[in-house]
Amino acid sequence: MDALRQRAVFVKESLHKSQTITDNMVSILGSFDHRLSALETAMRPTQIKTHSIRSAHDNIDKTLKAAEGILSQFDQTRMAEAKILRGPHEDLESYLEAIDQLRANVRFFSSNKSFKSSEGIINHANNLLAKAMTKLEEEFKHLLTNYRIHQAYEI
1 MDALRQRAVF
11 VKESLHKSQT
21 ITDNMVSILG
31 SFDHRLSALE
41 TAMRPTQIKT
51 HSIRSAHDNI
61 DKTLKAAEGI
71 LSQFDQTRMA
81 EAKILRGPHE
91 DLESYLEAID
101 QLRANVRFFS
111 SNKSFKSSEG
121 IINHANNLLA
131 KAMTKLEEEF
141 KHLLTNYRIH
151 QAYEI
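First residue of the sequence shown? That's 1 in full-length UniProt numbering, and the numbers climb one at a time after it.
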């Protein structure tokens, strides 16, 4: 019976220790929960600002990419202009590509008339296209004349 009583005392002490440890853990976890709640409350304005900054950054990136696309169209127009002003006699293939590029740029700016300089670039490109057609006609006439002269010498 003494052994049974000792076991009962041991179990009772173990339960008491276990309850004390449990109470201490609940207190510690409650303290963590309180601290984390306070930290979350303190961090909330920072999270909101970070989200706003991230959104602004994304908007700036999109705007820069759109601006790069528009500037690229201006650069392509400028490069096409240089080829057209040189004329088709140097490199006909490149000349025709420049004409195609100008036409594509006219389509681009015609579909984006909200850009401030769309009208100006469209007019400029159309004038260049008119010059290009005139130069092509002149080159064609020149080639025909040379061919006729060449044919006349062969006869």
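Ideal Cβ positions, reconstructed from N, Cα and C, are used throughout, including at glycine. No experiment lies behind these values; they were computed from the predicted model shown.
Out of the options, which has the shortest C-alpha to C-alpha gap to residue i?
i    : options                   : result
A82  : S110, L129 and D23        : L129
N126 : L144, R107, K116 and S114 : R107
Hey, would you say residue i sits closer than 8 Å to residue j, going by beta carbons?
i           : j    : result
F140        : I121 : no
residue 160 : N59  : Since the first residue of the chain shown is 1 and the last is 155, residue 160 is not available in this structure.
I70         : F32  : no
If we define contact as Cβ-Cβ less than 8 Å, is residue i a contact residue for chain D?
i    : result
K116 : The structure shown contains no chain D; it is built from a single protein chain.
Is the stretch 129 to 147 in contact with the stretch 85 to 92, if contact means three or more CB pairs nearer than 8 Å? yes
Any contact between the stretch 68 to 77 and the stretch 91 to 105? By contact I mean 3 or more CB pairs, one from each, below 8 Å. yes
Could I get the ranges of all uninterrupted beta strand (DSSP E) runs contained in the stretch 1 to 28, with 3 residues as the minimum, in chain order? none
Give the list of continuous beta strand (DSSP E) stretches no shorter than 3 residues that lie fully inside the stretch 76 to 134. none
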